[in-house]
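Asks:
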Amino acid sequence: MPTIAIVGIDTNVGKTIVTGLIGNYLLRAGHTVITQKIAQTGCVGMSEDIALHRRLMGMELTEEDRLGTTCPYMFALPASPHLSAQQEHQRIEPERIAAATRQLEARYEYVLLEGVGGLYVPLNDDIALLDYLAEQQYPLIVVSSAKLGSINHTLLTLEAARNRALSVLGIVYNLYPAEHPLIVEDSQRVFRQYLKRFGYAETVIAMPAIEMNHPIPAIDFAPLFHSIGARKPHRF
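Numbering-wise (UniProt numbering), the sequence shown opens with residue 1 and increments by one.
1. Less than 7 Å between the C-beta atoms of Thr16 and Asp49, yes or no?
2. Going by other Cβ atoms of all chains shown within 10 Å of its Cβ, with 16 needed for buried, is Arg54 buried or exposed?
3. Confirm, please, whether the CB-CB distance from Gly23 to Val143 is below 7 Å.
4. Closest to Ala51 by CA distance: which of Ala79, Tyr110, Glu114 is it?
5. Within a Cβ cutoff of 6 Å, which residues of the same chain sit near Ala218, ignoring the five residues on either side of it in sequence?
6. Specify, as a first and last residue, the run of the alpha helix (DSSP H) that Ala165 falls within.
7. So who's on the other strand from Lys37, going by DSSP bridges?
8. So, with DSSP's three-state summary, where would you put Gly58?
9. For Val143, write down the residues that DSSP places opposite it in a beta bridge.
10. For Asn213, is the classification buried or exposed, using 16 other Cβ atoms within 10 angstroms of its Cβ as the cut-off for buried?
11. How should Leu195 be labelled, buried or exposed, when 16 other C-beta atoms within 10 angstroms of its C-beta is the threshold for buried?
12. Per DSSP, Met207 is paired with what?
13. Decide if Thr203 is buried, meaning its Cβ has at least 16 other Cβ atoms within 10 Å, or exposed.
14. Indicate whether Gln193 and Val111 have their beta-carbon atoms separated by less than 7 Å.
15. Just the C-alpha distance for Glu159 and Val168, rounded to the nearest angstrom, thanks.
16. Give me the residue from Phe225, Gly149, Glu88, Ile151 with the minimum Cα distance to Tyr200.
Written out as structure tokens, the structure is:
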């Protein structure tokens, strides 16, 4: 089974919650699944995003979490990962991330790899997240949001993926923060239109606002997995 990259159109659009909820969905469907974070900034010790994944998945931290396999890089400065690494006299090495992913792939049916920020966030001075994902050829799930400006950011993300011949399984549309219903409806229409234009499955899944102190709604993520291995982008 594949490693799937969960990428956002920006920072703070809900990638971590989406990753955890998809992990929960796959567990309930009877699969073995683990989540991974490429790098996390603004924390020390245990990755806060990995801890949230486990909470949403309804499971305890794993041995891979404690060993750092599920988050190979953590830095204290809350900034772009390349800068956070530099401040600690380190450099993010893609092979270290890939090696950790391969270890997880050997034990689990699915690895859900959460990205950092948007696709063009630098990992080091030589490569951005997009470069790494294109080299690995992981299929993508794009996380968008209902905040103003998301259409532009989402379409740029789709075009960047298309230009690198990356598969996009679909978009998870985070309805937080809620905008006017007309805007929400039209945004989803536009996303489907461009998914089709770029040769992808027209899969847009609306995710309601999640409140961590309330029951988590069940979301059917099945449509995202219908097109695994079936959709490559159109080249113009």
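All residues carry an ideal CB built from backbone N, CA and C; glycine is no exception.
Replies: Well, looking at it:
1. Position 16 of the sequence shown, counted from the start, is the residue given in the question as residue 16. Position 49 of the sequence shown, counted from the start, is the residue given in the question as residue 49. Taking 7 Å as the Cβ cut-off, Thr16 and Asp49 qualify as a contacting pair.
2. One-based indexing of the sequence shown puts residue 54 at position 54. With 16 or more Cβ atoms within 10 Å of its Cβ, Arg54 is classed as buried.
3. Position 143 of the sequence shown, counted from the start, is the residue given in the question as residue 143. Position 23 of the sequence shown, counted from the start, is the residue given in the question as residue 23. The criterion of a C-beta distance shorter than 7 Å is not satisfied by Val143 and Gly23.
4. Along the sequence shown, read from residue 1 onward, the residue named residue 51 stands at position 51. For Ala51, the nearest C-alpha among the options comes from Glu114.
5. The residue given as residue 218 occupies position 218 in the sequence shown. Excluding sequence neighbours, Ala218 sits near nothing in its chain.
6. For the purposes of this step, residue 165 is identified with residue 165 of the sequence shown, where counting begins at 1. Element bounds for Ala165: n/a, residue is neither H nor E.
7. If you number the sequence shown from 1, residue 37 lands on position 37. In the DSSP output, where bridge partners are listed per residue, Lys37 has Glu114.
8. The residue labelled residue 58 in the question sits at position 58 within the sequence shown. Three-state DSSP puts Gly58 in coil, outside helix and strand.
9. On the sequence shown, residue 143 is found 143 positions in, with the first residue counted as 1. According to DSSP, which records beta bridges pairwise, Val143 is partnered with Gly8, Val172.
10. For the purposes of this step, residue 213 is taken as residue 213 along the sequence shown, with counting starting at 1. Of the other Cβ atoms in all chains shown, fewer than 16 fall within 10 Å of the Cβ of Asn213; this residue is therefore exposed.
11. Against the sequence shown, residue 195 aligns to sequence position 195. Result: buried.
12. One-based indexing of the sequence shown puts residue 207 at position 207. The partner list for Met207 (beta bridge, DSSP) reads Asn174.
13. For the purposes of this step, residue 203 is taken as the residue at position 203 of the sequence shown. Per the 10 Å Cβ criterion, buried.
14. Translated into positions along the sequence shown, residue 193 becomes position 193. Translated into positions along the sequence shown, residue 111 becomes position 111. The answer is no: Cβ separation not under 7 Å.
15. As a position in the sequence shown, residue 159 is number 159, starting the count at 1. As a position in the sequence shown, residue 168 is number 168, starting the count at 1. Between Glu159 and Val168, the C-alpha separation is close to 10 Å.
16. Working through the sequence shown from its first residue, we reach residue 200 at position 200. Nearest of Phe225, Gly149, Glu88, Ile151 to Tyr200, Cα basis: Phe225.
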